[in-house]
Amino acid sequence: MKVTINGTIKEITNISHLSDIVTQFCKQPKNIITEINGQIMPSNQWSNTSIKDGDMIELVAFVGGG
Amino acid sequence: MKVTINGTIKEITNISHLSDIVTQFCKQPKNIITEINGQIMPSNQWSNTSIKDGDMIELVAFVGGG
Amino acid sequence: MKVTINGTIKEITNISHLSDIVTQFCKQPKNIITEINGQIMPSNQWSNTSIKDGDMIELVAFVGGG
Amino acid sequence: MKVTINGTIKEITNISHLSDIVTQFCKQPKNIITEINGQIMPSNQWSNTSIKDGDMIELVAFVGGG
Amino acid sequence: MNLLHLSVADKKGSMSLVTNKNDALIIAGQEFKSRFLLGTGKFKNKKDLADSIASSASEIVTVALRRIDLEHHEDNVLEYIPKNITLLTNTSGARNAQEAVRIARLAKASGYGNWIKIEVINDSKYLLPDNLETIKATEILASEGFVVLPYMYPDLYTARALVKAGAATVMPLGSLIGSNQGMKTKEFIKILIDEIDLPIIVDAGIGTPSQAAEAMELGASAVLANTAVATAGNPVLLAKAFAQAVEAGRMAYLSQLPGQRPLASASSPLTGFLYSNE
Amino acid sequence: MNLLHLSVADKKGSMSLVTNKNDALIIAGQEFKSRFLLGTGKFKNKKDLADSIASSASEIVTVALRRIDLEHHEDNVLEYIPKNITLLTNTSGARNAQEAVRIARLAKASGYGNWIKIEVINDSKYLLPDNLETIKATEILASEGFVVLPYMYPDLYTARALVKAGAATVMPLGSLIGSNQGMKTKEFIKILIDEIDLPIIVDAGIGTPSQAAEAMELGASAVLANTAVATAGNPVLLAKAFAQAVEAGRMAYLSQLPGQRPLASASSPLTGFLYSNE
Amino acid sequence: MNLLHLSVADKKGSMSLVTNKNDALIIAGQEFKSRFLLGTGKFKNKKDLADSIASSASEIVTVALRRIDLEHHEDNVLEYIPKNITLLTNTSGARNAQEAVRIARLAKASGYGNWIKIEVINDSKYLLPDNLETIKATEILASEGFVVLPYMYPDLYTARALVKAGAATVMPLGSLIGSNQGMKTKEFIKILIDEIDLPIIVDAGIGTPSQAAEAMELGASAVLANTAVATAGNPVLLAKAFAQAVEAGRMAYLSQLPGQRPLASASSPLTGFLYSNE
Amino acid sequence: MNLLHLSVADKKGSMSLVTNKNDALIIAGQEFKSRFLLGTGKFKNKKDLADSIASSASEIVTVALRRIDLEHHEDNVLEYIPKNITLLTNTSGARNAQEAVRIARLAKASGYGNWIKIEVINDSKYLLPDNLETIKATEILASEGFVVLPYMYPDLYTARALVKAGAATVMPLGSLIGSNQGMKTKEFIKILIDEIDLPIIVDAGIGTPSQAAEAMELGASAVLANTAVATAGNPVLLAKAFAQAVEAGRMAYLSQLPGQRPLASASSPLTGFLYSNE
């Protein structure tokens, strides 16, 4: 299955829900914010949000800024 | 007949056209610009523009400005 | 006897020493500094410094300054 | 004969007067000003000013300046 | 001795200069003791950042949002910011109102992002804020319940529009971001201070504590700095210096500074000493 | 956390910026924590003066000498100055070196006056110090054992002569006395800071805490203010503000402020967010 | 000797600084020798105005429109302006785009008013231009064939919008109208000069010839002044001074001024003279 | 129309601002039309120098003296300076009064050197003039019949001493030589203009025509520039620009410039138009 994560196409396996994406791709998963197909997805919904081929996923975090 | 000239109501007599207004009210008639009832009226039309009771007339001139 | 105190000629009576001048003329005698005839006179010398007619005396104090 | 010209010791030959020094050492002799042994020497005196061993000569010119 | 009680004058002419008991900075109903906001970008390391937040005693710090790097581990900036501090997420990266709104909503989804510094920049050379898009974003986000602090180019009409749009403060730039040039817009920030009934927070270009103090003396409600602190030799010490200068500038404002005078005026008495009888 | 330990650079290039453990100001071998000197002239009342000395935490305050008024009672200014404070008597009123020397000796006779701020002014309009007479007075008084702090017009050659004459500090004017215009002589004070191996104390014309902080950021060792404080609406609060701003400026200097930049430079990351694939 | 031929550099990096043979100012295809625009308001008498137009050699002068006074005779300002001069009618009095458009159309009806300086001011205290309404008015009037010179607050995004709207020039304010404070907006006018492909004419607040020259040295295409000239002791002489300073500033710009340097640099040779052998 | 005849005010309050028929600059009894003095150092080639003298119409130019180079041919600078121009030889290289006197006497021996610009510099980093030595040299040379124009650091007492020593003008520095920073000493030059009854010629640091005009507007009698002109891309054009700006600044001074105002003031009539009855 192919999905786009932060603009890059990734071939993923063993993944069924958004929570799996976060676990697998976020080296530092705390305070991560996600969008799936342009929709913001709160963290309490990750485990029941299914991933399907072609999904556009954004993984966003807080960084230093002025 | 009553008309409003530059915001002031004036009782006028012996006046039939806009050209009469200009002659009578502009102490310095050169380069005067007129509006009648919100419509700009070029000077070549003054003599065939009739004045009727209640007309709103603006008489405008160039002045120093920055 | 006449002496000059701070530029003003004063007729004085009942005065024999500089200490009397300070007592009589300084409404606030603490931290006063004196000169007599251009000579600085420390406070421990006041009581044995005689005053004579024509002496030039300066009475100086600390004030606010920047 | 050795003279010092502008701080440099020079071995000179065929030179008897200051005018010879100017001719020989100034590539551009106009408006040159000279000192000999700390004494300013006007140009009208150059031809009767003898040079002797050990003389200290300054050759000075106008340059651009602010 | 509460020195503030001695203040009597007022910028608007009617109320006390100190509008509340402890001269707190009030934004959206929330009180802050500190009037110095610290940005968290560009620090050489997170230890310096954490120590600078501590030394500055700032109560509001800005952060940004960014896509995570899928290949490398990145520190979570939030772990270096104490919980009691108000997080102010900026919308840096947004080139128009719509993008700013999207970033703000993402921030909110984290549970931390109700306070938003709107920053809409559509110019990669000068990084100037786009006032028109900033007004639009402010309007949308304020209506969604965000506390909106728009960063703007100090134009009076824009500031008025921001008030109308529901902004919680107005944040005019002092000079170009990161330029450390101070208040090149001083005359126009002064106009905002005099005319706008919201806290004015001077942001961008404040490069030294003296410049920060000057903004406060002018009547600004607070100052934000980042680049100068983060790129100093000793950021932790400079953060403290900024905070202290901001406080000093505030006190000076409240104490009613005398103005400049064209001529000299003696501070010591010049007459009556030594030579008056000569 | 001792923030000062992080400082490494140095104005002369060889030693630490902090030349002693607590970054004390050292004048004539005596250590001071405070780098803000307060003048005592022009206060509306002596209570304000006493409270301002307290709120500023100044350790050196200036006073003047004057003939007493034979007709009216005058307060003794010394009674409002705590005993642990170093009294710095100025020679205001002196029009030449000789008069300055006379005033200094009078001060010494009081038992309080070993520290002298030389102030020779022969111009009643601009109140500018006469550098040449100041050098002469410095030479005489230093040789008599006074601790001499000459107030001067910031001329490099004069400063060098003052060092040679035995001055304990050099006190260049920022702008005309009482004008509150700040450092109109900034470029030339900077030269003194860089070239003179004595504490440089900026005196005269410093009208706001931000100006005082700016002098310290430039590298001045201390700042003296009087008129601005004494004539403020709330002198006690402003005295505190000055002291705090001077401290902030000192910390900024020690933290190695980054310089000004001609162009913008982002404090938030601008790339890699949201629209890189659009 | 045509000094201009020696100029080689260029502000955009590709063309000559002088974009046409005589370095004419070109607005809407029309060439002007003079880069100084004179306003006609506030003159004490019309003779001074006429003489000032002559002494300045201005080729573009601004005028305003106003309702005539029905009770008193007023001079016709046009009689004091030579026929060969381009009349630039401002829209002063307009508080929004619609009113500005109405004034422009009235001006056009006179046969003199095809060139319009848009001035939309909705603030009676600071008289600041409303950028948003100015853009709207520019768009409408440019589409009707007017030559539109909008007066604006120097905001880069607004300037870009004005270009798009069809403006013939952009006229940023230097400082508040009539304040004579010069270019308080210098940094931001410089940005317009660098980024906008239209003549930049600095308007408002230019109070001295030296300020006008400074604007030209920065790269402005022209300068407009009114208040300073009209209210001077000798307006006729000052008008000439302004014109000459604007020319001088233009020449300086074309001659590629060297920049400022932090340190001294001798103009006379310092070595090799007199004491090298001492 | 002689515009000057309209001038009525006066810097000292009693005479006309224009103290002679054609507002000539008068030094040592000699009249000059031009108030711009050009230095001749640092030009890339002598052709540029000659053309710059011509384009500037300067009537006084400075030169220096130096030991000739025994090995290489050097151009004679005097051949590029027209005979009708007054040569002003500086004493650059002198580190004290004695050396300055020696250089002046050498210059005189050439038959060209009766006019001397005293320049005593004992500091190779900032190239600041030594005021004390300058006074001494002025005294000696004035007594020997030289026309002495001392270059000095703008200190009022020094200027007074120079008057007493017989100087023909006083030449205060604007900022460090060659720095192009303009009048960093503006406040103090103004004091000299107001207090000293000799022509004040601003020298050193004047880097742009606008800065030169500013000095003239302040009331300076003339301006000298060198580095800025000589190092410009087009020195010949810039020399002309400087001369023209100096003239403009002089006219502005004579026309009695209005001062700065803190607030806006309309130049167009704002009332009575269009909406008064709305």
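Chains as they are written, first to last, in the numbering used here: chain A, 549 to 614; chain G, 549 to 614; chain X, 549 to 614; chain Y, 549 to 614; chain W, 1032 to 1309; chain U, 1032 to 1309; chain H, 1032 to 1309; chain L, 1032 to 1309.
For glycine and all other residues, C-beta sits at the position ideal for the given N, C-alpha and C.
Of all Cβ atoms in chain G, is any one closer than 7 angstroms to the Cβ of residue i?
i: Ser1086 (chain L); result: no
On the DSSP bridge list, what partners appear for residue i?
i: Asn563 (chain X); result: The amino acid at residue 563 (chain X) is misidentified as Asn; the sequence shows Ile. DSSP output for Ile563 (chain X) lists no bridge partner at all.
i: Arg1098 (chain U); result: X:Val608
i: Gln587 (chain G); result: G:Ile584
i: Lys1148 (chain U); result: U:Asn1121 and U:Leu1180
i: Glu1062 (chain U); result: U:Ile1057
Hey, out of the options, whose CA is closest to residue i's CA?
i: Asp1100 (chain W); options: A:Ile588, A:Val570 and A:Ile599; result: A:Val570
i: Ala1081 (chain H); options: H:Ile1116, H:Thr1239, H:Tyr1143 and H:Pro1300; result: H:Ile1116
i: Lys1167 (chain H); options: H:Gly1197, H:Leu1187 and H:Gly1144; result: H:Gly1197
i: Glu1062 (chain W); options: W:Val1267, W:Gln1242 and W:Ser1089; result: W:Ser1089
i: Ser1286 (chain W); options: U:Pro1240, U:Val1254, U:Glu1170 and U:Tyr1284; result: U:Pro1240
i: Asp603 (chain Y); options: Y:Thr561, Y:Asn585 and Y:Asn554; result: Y:Asn585
i: Thr597 (chain Y); options: Y:Gly555, Y:Thr561, Y:Asp568 and Y:Glu559; result: Y:Asp568
i: Ala1135 (chain L); options: L:Tyr1184, L:Ala1173 and L:Met1282; result: L:Ala1173
i: Leu1207 (chain W); options: W:Asp1079, W:Val1092 and W:Gly1236; result: W:Gly1236
i: Val1151 (chain H); options: H:Leu1068, H:Ser1065, H:Pro1203 and H:Gln1291; result: H:Pro1203
i: Thr1165 (chain L); options: L:Met1183, L:Glu1175 and L:Val1178; result: L:Met1183
i: Gly1280 (chain L); options: L:Ala1192, L:Thr1122, L:Ala1244 and L:Ala1138; result: L:Ala1244
i: Ile563 (chain G); options: G:Lys550, G:Gly555 and G:Thr556; result: G:Lys550
i: Asp1222 (chain H); options: H:Gln1242, H:Leu1249 and H:Met1282; result: Residue identity differs from the one stated: residue 1222 (chain H) is Ile in this sequence, not Asp. Of the candidates H:Gln1242, H:Leu1249 and H:Met1282, the one whose C-alpha sits nearest the C-alpha of Ile1222 (chain H) is H:Leu1249.
For chain U, find out if any of its Cβ atoms is closer than 7 angstroms to the Cβ of residue i; answer yes or no.
i: Ala1140 (chain W); result: no
i: Asn554 (chain X); result: yes
i: Tyr1184 (chain L); result: yes
i: Ile1222 (chain L); result: yes
Can you find a C-beta in chain L that's less than 7 angstroms from the C-beta of residue i?
i: Leu566 (chain Y); result: no
i: Glu1218 (chain U); result: yes
i: Leu1187 (chain U); result: yes
i: Ile588 (chain Y); result: yes
i: Lys1167 (chain U); result: no
i: Gly613 (chain G); result: yes
i: Arg1097 (chain H); result: yes
i: Pro1240 (chain H); result: yes
i: Gln1061 (chain H); result: no
Is there a C-beta anywhere in chain A that falls below 7 angstroms from the one on residue i?
i: Asn1115 (chain W); result: no
Compare the C-beta of residue i against all C-beta atoms of chain H and say whether one is closer than 7 angstroms.
i: Ile1171 (chain W); result: no
So, does the CB of residue i fall closer than 7 angstroms to a CB anywhere in chain X?
i: Val1094 (chain U); result: yes
Does the beta carbon of residue i come closer than 7 angstroms to any beta carbon on chain W?
i: Val608 (chain A); result: yes
Closer than 7 angstroms between beta carbons: that is the criterion. Which residues of the stretch 1283-1301 of chain W meet it against chain X? From the stretch 1283-1301 of chain W, only Ser1298, Ser1299 and Pro1300 have a Cβ closer than 7 angstroms to chain X.
Three Cβ pairs or more, each shorter than 8 angstroms: is that satisfied between the stretch 1153-1168 of chain U and the stretch 1114-1128 of chain U? Touching, yes.
Can we say the stretch 1147-1156 of chain W touches the stretch 1211-1226 of chain W, given the rule of at least three CB pairs closer than 8 angstroms? Counting Cβ pairs under 8 angstroms, fewer than three are found: no touch.
Check whether the stretch 605-614 of chain X and the stretch 1071-1079 of chain L touch, using three or more Cβ-Cβ pairs below 8 angstroms as the test. With a cut-off of 8 angstroms, the stretch 1071-1079 of chain L and the stretch 605-614 of chain X do not count as touching, because too few Cβ pairs lie within range.
If the cut-off is 9 angstroms on Cβ atoms, which residues from the stretch 1146-1162 of chain H count as contacting chain W, listed in chain order? Residues passing the 9 angstroms Cβ filter: Asn1153, Asp1154, Lys1156, Tyr1157, Leu1159, Pro1160, Asp1161 and Asn1162.
Check whether the stretch 1243-1261 of chain L touches the stretch 572-589 of chain G, taking contact to mean three or more Cβ pairs, one atom from each stretch, closer than 8 angstroms. Touching, no, given that fewer than three Cβ pairs across the two stretches are closer than 8 angstroms.
Taking a cut of 8 angstroms between CB atoms, which residues from the stretch 1064-1075 of chain L lie near chain Y? Flagged, chain order: Gly1070, Thr1071, Gly1072, Lys1073 and Phe1074.
Does the stretch 1052-1066 of chain U come into contact with the stretch 1266-1273 of chain U, if we say contact requires no fewer than three beta-carbon pairs (one atom in each stretch) closer than 8 angstroms? The stretch 1052-1066 of chain U vs the stretch 1266-1273 of chain U: no contact.
Please name the residues in the stretch 568-580 of chain A whose beta-carbon is closer than 8 angstroms to at least one beta-carbon of chain W, in chain order. Those residues of the stretch 568-580 of chain A that come within reach of chain W (Cβ to Cβ, closer than 8 angstroms) are Phe573, Cys574, Lys575, Gln576, Lys578, Asn579 and Ile580.
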